[in-house]
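Chemist: Protein chains in written order, with my numbering: chain R, 1 to 433; chain Y, 1 to 433.
The beta carbon of each residue, even a glycine, is placed where N, CA and C say it ideally should be.
Provided herewith is a single structure, encoded as structure tokens, for subsequent inquiry.
Protein chains: 2
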Amino acid sequence: MTLRLDAAAPDFEQRFVSLLAMKRESSHDVDETVRGIIEDVVARGDEALIDYSKRFDRIDLAQTGIAVSAAEVAAAEARCSREQLAALDLALDRITAFHERQKPEDLRFRDAAGVELGWRWSPLDSVGLYVPGGTAAYPSSVLMNVVPAKVAGVKRIVMVVPTPGGHVEPLVLAAAKRSGIDEIYRVGGAQAVAALAYGTKTIAPVVKIVGPGNAWVAAAKRRVFGQVGIDMIAGPSEVLVLADKTANPDWIAADLLAQAEHDESAQSILITDSAEIADATVAAVERHLATLSRTEIASASWRDYGAVILVKKLSDSLPLADRIAAEHLEIISEDAEELAARVSNAGAIFIGAYTPEAVGDYVGGSNHVLPTARSARFSSGLSVLDFLKRTSILKCDAESLRAIGAAAVTLGDAEGLQAHARSVSIRLNALGA
Amino acid sequence: MTLRLDAAAPDFEQRFVSLLAMKRESSHDVDETVRGIIEDVVARGDEALIDYSKRFDRIDLAQTGIAVSAAEVAAAEARCSREQLAALDLALDRITAFHERQKPEDLRFRDAAGVELGWRWSPLDSVGLYVPGGTAAYPSSVLMNVVPAKVAGVKRIVMVVPTPGGHVEPLVLAAAKRSGIDEIYRVGGAQAVAALAYGTKTIAPVVKIVGPGNAWVAAAKRRVFGQVGIDMIAGPSEVLVLADKTANPDWIAADLLAQAEHDESAQSILITDSAEIADATVAAVERHLATLSRTEIASASWRDYGAVILVKKLSDSLPLADRIAAEHLEIISEDAEELAARVSNAGAIFIGAYTPEAVGDYVGGSNHVLPTARSARFSSGLSVLDFLKRTSILKCDAESLRAIGAAAVTLGDAEGLQAHARSVSIRLNALGA
């Protein structure tokens, strides 16, 4: 049953700690399997991709080709409704506009000692985007991963997507095309990750792999990390709603269920200072559940991981919110702005009654790839920075080396690194310093 | 023997690929041991720390206390020479001044549709810095890790350092004190990482762990990742020097050895368009080696992993440099600036004859924690950003939700996420939209 907590109860701290400690991910032990698949792809390349796709996706890539052709993509796009494509374009435009503001600036300056310092940002050479297959293939995820890479200036963006039984969502291909991807392969699973990391005859390797995936994909990403860069390993999704008596319980309930319907491991939590809102929201959740297509998933998530917490005043929820460090935080209150300003740990904050989290999933413009499982305590959502690297630049001339070099010699000697010291002193000696 | 390659040779590509593929890290299989240690620290806390320190560091923490007292730190500082402390202070000032420029800006704006968007950066609550023990305890590393955290605004910074036989480098404690750390524990190894991640009675947990360490420390950091954030896992260090005929072979040799002396797995590579410079540098390396204190380590590194590559003209080295993606790149040439501008993959670039890499290790001001093992292809050196997290902010009012909400409903429906669509449409309906 959905947990009900009262912050005034004597056992609250203990029960809240249990809530935080809840393990929501079933840990599949797939690491050995994944290791074998990766080694096989490294050894046999395309042949391995063909074999695994026969086995896991019931599709013969030797027949279809590994690459998805431009004609197929165009045909898929033609099957999407005009309304869908327009919605996709609106999302694409808004996401692009927002991410354009994330481009960092290069720096170069000369300081008082005459030393020139700075840094230069440059785009990654190539990026691979993993898109899950089946019903979890979300066109919005394509946009959220591709746009920051495009804005960063990444030239080559490759998409891999499994096509179980030959099927791929047309809107996913349309999203790829409209966001500028023209290299798509119909492979998935650990084998796709291996191909992106190490390359095959057909698929040239990339330097970073991003995108969500199941336990096999996550394990493969962990394994190839180092060979290539990876984004975060996403855990099950979560929302925390802070609401006062001004909130509409029916709307809160819909927002909680929008999280719960993702996954049985998703988590939806409401903290309110109104017992009426708490009760009315719980009732509204039940009403909504009766008419949702993904009722089973949403019910299980709400039953097993949902929670409603009553506090004396809504500002009492802030320390709890920081400890929960939710991926998504909605604040529906007369004081929403003020409360938002005082939150430290959250992936994204949705302010006010007219900002359901789902707006941010699609068309708000900010990125929906956000830190899960309390990692908002130490990490951030996907951004343009994830597709850039920073090279620092240092330049001394004779004068500035004379100014700061002696201290480097002292520290090199102190650390017992004589060649470090000598590489500086040999120059200072030549300068007669 | 140190590898000599000529880019004009028919087998060059093949030999260059072998050079890139060289495994320089011996892979200790310590993962199971580390798992046991972490579980033990979680279960027994301080008692486990005391036991492991007896065993690994030959020190009884029950006698000395786990925390290093302020009096001990002051006494250590008093044992450092005035010259050393002055060098440390110069480094601290310069590193601070550089990192102050890395603070990112918050953003909040309202777009044409009336949607408010933005983000807010906030410091991590707490950070743990691992400092290796023995001779690898570098005061410069303390500064390079602490300063960006301080500049980011991290309130609680904790240092752990093993003290084998009770010994800790006085200058390390002085560096901690001067950079503003007042919480230091004399524990090391996987047990220290576990204590930082999960906490013990004495050591409160942190949200991110940074700093270099041996195979045990690296394995422990990988294991606790998720529970806390971690920085990169550093591999053996490397330098690539691009030099034309204007360079001084004696200086190049010192720079190559400054890398080689770190570790037998360190790698030093010279690419030059001058056969004379190539030969003279190889000879100068031998001369320097005869008089260095860490000759054995530096000789082994240079012999096993060193390389000298001859190219026709120095600009031919740029594609090779991008493939090597060196942690440190020195460019000593009349065209150094122009060449530097064309490099894409490098942790840091040191421009011109008067910028030995060692200046950057200590007093240049930029960070010396840089991506190793070719990871400069997809990652960057340590910066203030590593100690901040970004929370995105979204706010619609009735009008702006009316403007963009319908597209969110369309995409939610297209993705089969009915509650997503409903959480928006329920509001649009109430607005009569």
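#1: Relative to chain R, which residues along the region 233-258 of chain Y have a C-beta separation below 7 Å, given in chain order?
#2: Rank Y:Glu-296, Y:Ser-126 and Y:Leu-85 by C-alpha distance to the C-alpha of Asp-386 of chain Y and give the top, closest one.
#3: Among the candidates Y:Trp-119, Y:Ser-315, Y:Leu-314 and Y:Leu-417, whose CA atom is the shortest distance from the CA of Leu-388 of chain Y?
#4: Would DSSP call Thr-391 of chain R helix, strand or coil?
#5: Who are the near neighbours of Pro-249 of chain Y in its chain, counting only those whose CB is closer than 7 Å to its CB and skipping five residues on each side?
#6: In the structure shown, what three-state DSSP assignment does Ile-271 of chain Y receive?
#7: Given a cut-off of 7 Å on the beta-carbon distance, is the pair Ile-349 of chain R and Ile-393 of chain Y in contact?
#8: How many angstroms separate the CA atom of Met-232 of chain R from the CA atom of Ala-220 of chain R?
#9: Listed in chain order, which residues of the region 202-223 of chain R have Cβ atoms closer than 7 Å to some Cβ of chain Y?
#10: Please confirm if Leu-310 of chain Y has its CB atom under 7 Å from at least one CB of chain R.
#11: Taking only three categories from DSSP, how would you classify Arg-186 of chain R?
#12: When you compare each of R:Gly-364, R:Ile-332, R:Thr-410 and R:Arg-427 to Cys-396 of chain R by their alpha carbons, which one comes out closest?
#13: DSSP has Glu-238 of chain Y in a bridge; who is on the other side?
#14: Which residue's Cα is closest to the Cα of Glu-25 of chain Y: Y:Asp-413, Y:Ala-398 and Y:Ala-373?
#15: Using DSSP with H/G/I as helix, E/B as strand and the rest coil, what is Val-207 of chain R?
#16: If distances are taken between C-alpha atoms only, which option among Y:Arg-377, Y:Arg-156 and Y:Tyr-198 comes closest to Gly-226 of chain Y?
#17: Are Glu-83 of chain R and Thr-410 of chain Y closer than 7 Å when you measure CB to CB?
#18: Quick check on the burial criterion: 16 or more other C-beta atoms within 10 angstroms. Buried or exposed for Thr-246 of chain R?
#19: Enumerate in chain order the residues of its own chain whose CB-to-CB distance from Ser-315 of chain R is below 7 Å, with the five nearest sequence positions on each side excluded.
#20: So what does Gly-229 of chain R bridge to, in DSSP terms?
#21: Just to make sure I have the definition right: I need the residues of chain Y whose C-beta is within less than 7 Å of the C-beta of Thr-410 of chain R. Which are they?
#22: Helix, strand or coil for Ala-71 of chain Y? Go by DSSP, reduced to three states.
#23: Would you decide whether His-167 of chain Y is buried or exposed? Buried here means 16 or more other CB atoms lie within 10 Å of its CB.
#24: Please state the DSSP three-state secondary structure of Arg-110 of chain Y.
#25: As an exercise, report each continuous beta strand (DSSP E) stretch of at least 3 residues that is fully enclosed by the region 122-162 of chain R, in chain order.
#26: Whole angstroms is fine: what's the gap from Ala-326 of chain Y's alpha carbon to Ser-237 of chain Y's?
#27: Got a sec: is the Cβ-Cβ distance from Tyr-305 of chain Y to anything in chain R below 7 Å?
#28: Excluding five sequence neighbours on each side, which residues of the same chain lie with their C-beta closer than 8 Å to the C-beta of Ala-321 of chain R?
#29: Quick one: using the 10 Å Cβ neighbour count with 16 as the cut-off for buried, is Gly-435 of chain R buried or exposed?
#30: According to the neighbour-count rule (16 or more other Cβ atoms, all chains shown, within 10 Å of its Cβ), is Asn-429 of chain Y buried or exposed?
#31: Per DSSP, which one or two residues make a beta bridge with Leu-3 of chain R?
#32: Out of Y:Ile-331, Y:Ala-234, Y:Asp-31 and Y:Ala-204, which has the shortest C-alpha to C-alpha gap to Glu-357 of chain Y?
#33: Please check if any C-beta of chain Y sits within less than 7 Å of the C-beta of Ser-301 of chain R.
#34: Do you know offhand how far Gly-189 of chain Y's Cα is from Ser-141 of chain Y's?
#35: Answer with buried or exposed for Lys-208 of chain Y, where buried requires no fewer than 16 other C-beta atoms within 10 angstroms of its C-beta.
#36: For Ser-179 of chain Y, I'd like the list of residues in its chain whose CB is within less than 8 Å of its CB, leaving aside the five on either flank, ordered along the chain.
Modeler: Short version:
#1: Asp-250, Trp-251, Ala-254, Asp-255, Leu-257 and Ala-258
#2: Counting from 1 along the second sequence, the entry for residue 386 of chain Y is found at position 386. The shortest Cα separation from Asp-386 of chain Y among Y:Glu-296, Y:Ser-126 and Y:Leu-85 belongs to Y:Ser-126.
#3: As a working note, residue 388 of chain Y is residue 388 in the second sequence. Of the listed residues, the one whose Cα sits closest to Leu-388 of chain Y is Y:Trp-119.
#4: Within the first sequence, the letter at position 391 stands for residue 391 of chain R. Correct three-state label for Thr-391 of chain R: strand.
#5: Taking the first residue of the second sequence as position 1, residue 249 of chain Y is located at position 249. Within the same chain, Pro-249 of chain Y has close Cβ partners Ile-277, Ala-280, Thr-281 and Ala-284.
#6: Indexing the second sequence from 1 puts residue 271 of chain Y at position 271. Ile-271 of chain Y: strand per DSSP, three-state reduction.
#7: Position 349 of the first sequence, counted from the start, is the residue given in the question as residue 349 of chain R. Position 393 of the second sequence, counted from the start, is the residue given in the question as residue 393 of chain Y. Their beta carbons are under 7 Å apart, which means Ile-349 of chain R touches Ile-393 of chain Y by this criterion.
#8: Position 232 of the first sequence, counting from 1, holds the residue named residue 232 of chain R. Position 220 of the first sequence, counting from 1, holds the residue named residue 220 of chain R. Cα to Cα, the separation comes out at about 13 Å.
#9: Val-207 and Lys-208
#10: Within the second sequence, numbered from 1, the residue matching residue 310 of chain Y stands at position 310. So no, Leu-310 of chain Y is outside the interface.
#11: Taking the first sequence and counting its residues from 1, the one referred to as residue 186 of chain R is at position 186. Arg-186 of chain R: coil per DSSP, three-state reduction.
#12: Mapped onto the first sequence, residue 396 of chain R falls at position 396. Minimum Cα distance to Cys-396 of chain R is reached at R:Arg-427.
#13: For the purposes of this step, residue 238 of chain Y is identified with residue 238 of the second sequence, where counting begins at 1. Answer is Y:Gln-267, bridged to Glu-238 of chain Y.
#14: On the second sequence, residue 25 of chain Y is found 25 positions in, with the first residue counted as 1. Nearest of Y:Asp-413, Y:Ala-398 and Y:Ala-373 to Glu-25 of chain Y, Cα basis: Y:Ala-373.
#15: For this step, residue 207 of chain R is matched to residue 207 along the first sequence. Residue state, collapsed to three classes: coil.
#16: On the second sequence, residue 226 of chain Y is found 226 positions in, with the first residue counted as 1. Looking at the Cα atoms, Y:Tyr-198 is the closest of the given residues.
#17: Sequence index remark: in the first sequence, residue 83 of chain R carries index 83 (1-based). Sequence index remark: in the second sequence, residue 410 of chain Y carries index 410 (1-based). Yes. Within cutoff.
#18: Taking the first residue of the first sequence as position 1, residue 246 of chain R is located at position 246. Exposed, by the Cβ-count rule.
#19: Counted from its first residue, the first sequence places residue 315 of chain R at position 315. Closer than 7 Å at Cβ, skipping near neighbours: Leu-339.
#20: For the purposes of this step, residue 229 of chain R is taken as the residue at position 229 of the first sequence. Per DSSP, R:Lys-208.
#21: Mapped onto the first sequence, residue 410 of chain R falls at position 410. Glu-83, Gln-84 and Ala-87, listed in chain order.
#22: Along the second sequence, one-based indexing puts residue 71 of chain Y at 71. Three-state DSSP puts Ala-71 of chain Y in a helix.
#23: The residue labelled residue 167 of chain Y in the question sits at position 167 within the second sequence. With fewer than 16 Cβ atoms within 10 Å of its Cβ, His-167 of chain Y is classed as exposed.
#24: Within the second sequence, residue 110 of chain Y is the residue found at index 110, counting from 1. If DSSP states are grouped into helix, strand and coil, Arg-110 of chain Y belongs with the strands.
#25: 126-130 and 156-160
#26: By 1-based counting over the second sequence, the position of residue 326 of chain Y is 326. By 1-based counting over the second sequence, the position of residue 237 of chain Y is 237. Whole-angstrom Cα-Cα distance: 9 Å.
#27: If you number the second sequence from 1, residue 305 of chain Y lands on position 305. Chain R contact via Cβ: absent.
#28: Start at 1 with the first residue of the first sequence, and residue 321 of chain R comes out as number 321. Excluding sequence neighbours, Ala-321 of chain R sits near Leu-240, Leu-242, Ile-271, Leu-329, Val-343, Asn-345 and Ala-346.
#29: In the structure as shown, chain R starts at 1 and stops at 433, and residue 435 of chain R therefore has no counterpart that could be examined.
#30: Working through the second sequence from its first residue, we reach residue 429 of chain Y at position 429. Burial call: exposed.
#31: Within the first sequence, residue 3 of chain R is the residue found at index 3, counting from 1. Answer by DSSP bridge pairing, in chain order: R:Ala-307.
#32: Here residue 357 of chain Y refers to the residue found at position 357 of the second sequence. When only C-alpha atoms are compared, the closest one is Y:Ile-331.
#33: One-based indexing of the first sequence puts residue 301 of chain R at position 301. By this cut-off, Ser-301 of chain R is not an interface position.
#34: Residue 189 of chain Y sits at position 189 when you count from the first residue of the second sequence. Residue 141 of chain Y sits at position 141 when you count from the first residue of the second sequence. Computed Cα separation, rounded: 17 Å.
#35: For the purposes of this step, residue 208 of chain Y is identified with residue 208 of the second sequence, where counting begins at 1. It is buried - the Cβ of Lys-208 of chain Y has at least 16 other Cβ atoms within 10 Å.
#36: One-based indexing of the second sequence puts residue 179 of chain Y at position 179. Excluding positions up to five away in sequence, the list reads Leu-92, Val-142, Leu-143, Val-146, Val-147 and Lys-150.
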